[in-house]
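Below is one structure, written out as structure tokens; comments come after it.
Residue numbers (UniProt numbering): 1 to 399.
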């Protein structure tokens, strides 16, 4: 997550290296850092998430990284430790106040890319933060092995690695897609004197672990691991727009999420309800979501066929929670037909849209998120939903 001000202290200590300099390195990648790095290169103002563009960019970036070294391991956060939540919330509120867009589904998208396009790259979803697990793995490596950590997280400066052969590859200064890759590294032992003594810490000897089904939705790990690590249970919705006027959109899909939460967390305790927050820590939904009475929860909707599922989505988006009504059924229908039938990226656009259309897209996002979460609980649906089905340019195309 990083130490405030520490990255600035390291300015001027980075060294630019050629691609062949790291071809024998073992590379540990901070998955969330790489994901946000990739997505921010594809962002346009107010686009609400061009996840198909991000998918293409992620594939190309990973190919370029593999051209540098093939000894690659990727780690993803499973949950945010309780003591770091206030700082995360503070940063998120700062993003909102500056109207800065953040691609909230970036880590899930990168995980999808790895599963579908790079199945041979080993990845791990850890119980808490990725940097903790990476630090432990690096410390256990042979001291003669040159190690690279690809990340933008300044926490790595604070670990007291015993090897002098550990380097941080600075994501924020790199360009992997240029004809000649631009790579900057810092030897972590050489800059340790720049870190306050109070910020230095030993590498953890044991990282908590949680066993979950393979290919489970990344958000599920955060939900469960928050409880496993800290005893705290709460869902943090992947909200694209955290302005409170968009909160009614998340009434869409509540019954689906209730079933998903019940299936996911009931084995860990007799929970009766779930409190849903935005990623900033704001209580986004005004009332708690009651969980199902039975562990083998079933849906109130008939989702036995693709058409039944599509009809349910259109009805909830257009006719519930201040929905736009019948006049927008065709727009939603065309959007779903488009994203479910093709994987091609839709061209980005700066076409202005009304707050009403932003609200409709927020409902679409809430519905697809809810169905994806339901799938991750092991529930079988006639359509397999992916993060790339949430795509703002594809929505604007239908207007």
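Glycine residues also receive a C-beta, built at the ideal position from the N, C-alpha and C atoms. These numbers were taken from a predicted model, which means no experiment stands behind them.
Item, Value
"Could you give the first and the last residue of the continuous alpha helix (DSSP H) run that contains residue 257?", "254 to 265"
"Am I right that residue 345 and residue 108 are in contact with their C-beta atoms under 8 Å? What's the rounded C-beta distance?", "At roughly 17 Å, the Cβ-Cβ gap does not stay under 8 Å, so residue 345 and residue 108 are not in contact."
"If I measure Cβ to Cβ from residue 159 and keep anything under 7 Å in the same chain, skipping five residues before and after, which residues do I get?", "135, 201, 203"
"Tell me, which residues are paired with residue 76 by DSSP?", "125"
"Can you tell me the Cα-Cα spacing of residue 66 and residue 371, whole angstroms?", "33 Å"
"Taking only three categories from DSSP, how would you classify residue 237?", "coil"
"Rounding to the nearest angstrom, what Cα-Cα distance links residue 376 and residue 191 in this structure?", "42 Å"
"Hey, is the segment 388 to 399 in contact with the segment 349 to 356, meaning 3+ C-beta pairs nearer than 8 Å?", "yes"
"Classify residue 194: buried if its beta carbon has 16 or more other beta carbons within 10 angstroms, exposed otherwise.", "exposed"
"Our contact map puts residue 368 next to residue 385 with C-beta atoms below 8 Å; I'd like the distance itself, whole angstroms only.", "6 Å"
"Strictly by DSSP, which residues pair up with residue 16?", "184"
"Assign residue 5 to buried or exposed, taking buried as 16 or more other Cβ atoms, counted over all protein chains shown, within 10 Å of its Cβ.", "exposed"
"Are the CB atoms of residue 104 and residue 238 nearer to each other than 9 Å?", "yes"
"Buried or exposed for residue 388, please, with buried defined as at least 16 other CB atoms from any protein chain shown within 10 angstroms of its CB.", "buried"
"Closest by CA to residue 59, which one among 40, 118, 50?", "118"
"Assign residue 226 to buried or exposed, taking buried as 16 or more other Cβ atoms, counted over all protein chains shown, within 10 Å of its Cβ.", "buried"
"Could you tell me how far apart the beta carbons of residue 248 and residue 68 are, in whole angstroms, since I believe they sit closer than 8 Å?", "Wrong, their Cβ atoms sit about 47 Å apart, outside the cutoff."
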